[in-house]
Amino acid sequence: MVMEVEAVSCECCGLSEECTGEYIGGVRAYFGGRWLCGLCSEAVKYEAGKCAGAAAPDVEEAVRAHMAICRTLKSGGPAGRVADGMRQMLRTASWKKAAAAASPSPTPRGHHRSSPLSVGL
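Numbered by full-length UniProt numbering, the letters in the sequence shown go through residues 1 to 121 in order.
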């Protein structure tokens, strides 16, 4: 059985995906006629479900809010995206460095184990 797929672009972030027509129809039905990629749809579902009670935003309201955030992020231009990427990379690197400093060293200082690859080479 051959499944027909079609290309579709996320209306929030612009990511293009290939999906079956049935899947596309289901996503559009859930999000008020809009196609959202997997990441954006999860963000919208989280936003719509994080507040309980009457104050909880409905799916349509959560979609509008998420689309506004994506527009803001996309309007930063290539330089803004590079800067955001560098900022995230530095945060990750500093987190890893802090985690490594906090963990006990497996070997005493001044004693280095040789790599199994360097033994006998």
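Note that beta-carbon positions come from the ideal geometry of N, C-alpha and C, so glycine has one too.
Quick caveat: nothing in here was measured; it's all calculated off a predicted structure.
What does the alpha-carbon distance come out to for the pair residue i and residue j?
{"i": "Val5", "j": "Glu42", "result": "22 angstroms"}
{"i": "Ala98", "j": "Gly26", "result": "44 angstroms"}
{"i": "Cys40", "j": "Gly21", "result": "19 angstroms"}
{"i": "Gly49", "j": "Ala65", "result": "14 angstroms"}
{"i": "Glu61", "j": "Tyr23", "result": "22 angstroms"}
Between the beta-carbon of residue i and the beta-carbon of residue j, is there less than 7 angstroms?
{"i": "Cys10", "j": "Cys37", "result": "yes"}
{"i": "Met67", "j": "Cys19", "result": "no"}
{"i": "Val63", "j": "Phe31", "result": "yes"}
Where do the ends of the beta strand (DSSP E) carrying residue i lie?
{"i": "Glu6", "result": "Val5 to Ser9"}
Quick one: give me the first and last residue of the alpha helix (DSSP H) that residue i is part of.
{"i": "Cys13", "result": "Taken as a continuous stretch (DSSP letters only), Cys13 belongs to no alpha helix (DSSP H), as it is neither H nor E."}
{"i": "Ser2", "result": "Per the sequence shown, residue 2 should be read as Val rather than Ser. Looking at the DSSP string, Val2 is not in any alpha helix (DSSP H), and its letter there is neither H nor E."}
{"i": "Gly25", "result": "Gly21 to Tyr30"}
{"i": "Lys74", "result": "Val59 to Lys74"}
Look up residue i in the DSSP assignment and say whether it is helix, strand or coil.
{"i": "Val119", "result": "Reliability of the predicted coordinates at Val119 is poor, the pLDDT of 48 falling under 50, and the value obtained from them is presented with this limitation in mind. Looking at Val119 - three-state DSSP - the assignment turns out to be coil, as it is neither helix nor strand."}
{"i": "Cys37", "result": "coil"}
{"i": "Lys45", "result": "helix"}
{"i": "His112", "result": "Confidence at His112 is low in this model, with a pLDDT of 49, below 50, so the placement of that residue should be treated as unreliable; the coordinate-derived value is given next. Coil at His112, not helix or strand."}
{"i": "Lys97", "result": "helix"}
Hey, does residue i have any beta-carbon neighbour from chain C nearer than 7 angstroms?
{"i": "Thr92", "result": "Reference to chain C is not applicable here, since this structure consists of a single protein chain."}
Assign residue i to one of two classes, buried (16 or more other C-beta atoms within 10 Å of its C-beta) or exposed (fewer than that).
{"i": "Arg34", "result": "buried"}
{"i": "Val2", "result": "exposed"}
{"i": "Val82", "result": "exposed"}
Got a sec: does the ligand FMN put a non-hydrogen atom nearer than 6 angstroms to the Cβ of residue i?
{"i": "Ala98", "result": "Although the ligand FMN was asked about, the structure shown includes no ligands whatsoever."}
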